[in-house]
Amino acid sequence: MKSTKDFWVQKSEGKKIVMVTAYDYPSAKQVEQAQADVILVGDSLGNVVLGYDSTIYVTMEDMLHHAKAVKRGAPNTFIVVDMPFMSYHLSVRDTLINGARLIQETGAHAVKLEGADDVLPHIQALVKAGIPVVAHLGLTPQSAAVLGGFKVQGKDAEAARKMLADVKLCQEAGAFAIVLECIPQQLAKEISMSLAIPTIGIGAGVHTDGQVLVYHDILTYGVNRVPKFVKAYTNVDEQMTNALREYVSEVRSELFPKDQHSFTMKEEELKTLYG
Ligand code: KIV
Ligand code: NA
């Protein structure tokens, strides 16, 4: 099992940090078997598992429920859990209560929060209380409505300068790593070089200290729209739907179940039963 310190060592040695999302027992088991460094129980579960069109509908109860299952599937992997929409905005006290629940009730190791600015005191309070924090800047899906949709962030010099300042503030607030989502690769490179803590990119090019992708995107599993930054390594949708179609058809044509799938009573017992 890795620790936050191992991720700093990985950065200093130029060894990429590999993060993958997982949302339940089987996906967590697979990601642990694939030997990823970190599992993220992302609030993207709202989209890929629950079928919402936004992460803002995801609740604390959702995150707790899924993170517990992930922990059972990946007991030996470092697990980060997303703090859901509005669970770290109301007051520092609420943030601490919610952050503590996500760690204590699930056995996860760290939490992730989107944004800088007003979120910085919340990062600081969590870290002070002993809860490791991953920051998340660039395209922050929980505030997509304010950002004007799902667009690349930090494309102009002014926005890039603001982001360079914000990532430093996240580091100073105590974040041990930072996710950079959908930003130009040159900016991601500059940020990664300017920070002591590792950067983990998604749609941020090859120069970040690590990468993260959504489990369902890697596998093409139930996803409708695949963003430009995703590489799908297989398509399990076809395979799974075909298998299900075959089952439906075999039941209808009585090709399933066969004897080998059935239990049989001994002849003598049958005789006793019917006389
Ligand atoms: O929720 C999520 O899956 C994420 C990653 C895309 C970084 O936040
Ligand atoms: Na997220």
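In this text, residue positions in the sequence shown follow the UniProt record's numbering: the first is 1, and each later residue adds one. We treat Cβ as the ideally placed atom computed from N, Cα and C, and that holds for glycine.
Residue span of the alpha helix (DSSP H) that contains residue i, given as start and end
i: residue 55; result: No alpha helix (DSSP H) holds residue 55; DSSP gives it neither H nor E.
i: residue 162; result: 157 to 173
As assigned by DSSP and simplified to three states, the class of residue i
i: residue 68; result: helix
i: residue 177; result: strand
i: residue 302; result: Within the shown structure, residues of the chain are numbered from 1 to 275, placing residue 302 beyond reach of any answer.
i: residue 272; result: helix
Proximity winner among the options, relative to residue i (alpha-carbon distances)
i: residue 6; options: 29, 165, 210; result: 210
i: residue 73; options: 170, 23, 155; result: 23
i: residue 149; options: 140, 206, 249, 92; result: 140
i: residue 172; options: 226, 76, 195; result: 195
i: residue 99; options: 156, 70, 132; result: 132
i: residue 28; options: 9, 78, 11, 207; result: 78
i: residue 112; options: 178, 155, 54; result: 178
i: residue 76; options: 37, 190, 119; result: 37
i: residue 163; options: 192, 145, 57; result: 192
i: residue 4; options: 253, 130, 114, 50; result: 130
i: residue 186; options: 207, 11, 48; result: 207
Where the beta strand (DSSP E) through residue i begins and ends
i: residue 13; result: Careful: residue 13 lies outside any beta strand (DSSP E) and carries neither H nor E.
Heavy atom of ligand 2 within 8 Å of residue i beta-carbon
i: residue 42; result: yes
i: residue 136; result: yes
i: residue 82; result: yes
i: residue 106; result: no
i: residue 258; result: no
i: residue 114; result: yes
i: residue 141; result: yes
i: residue 241; result: no
Closer than 8 Å: residue i CB and nearest ligand 1 heavy atom
i: residue 21; result: yes
i: residue 244; result: no
query = Which full runs of the alpha helix (DSSP H) of 4+ residues lie inside the region 73 to 155, going along the chain?
reply = 92 to 104, 120 to 128, 144 to 147
inquiry  = As an exercise, report each continuous beta strand (DSSP E) stretch of at least 3 residues that is fully enclosed by the region 182 to 269, in chain order.
reply    = 199 to 202, 210 to 213
query = Which runs of the beta strand (DSSP E) spanning at least 3 residues fall entirely within the region 28 to 53, listed in chain order?
reply = 38 to 41
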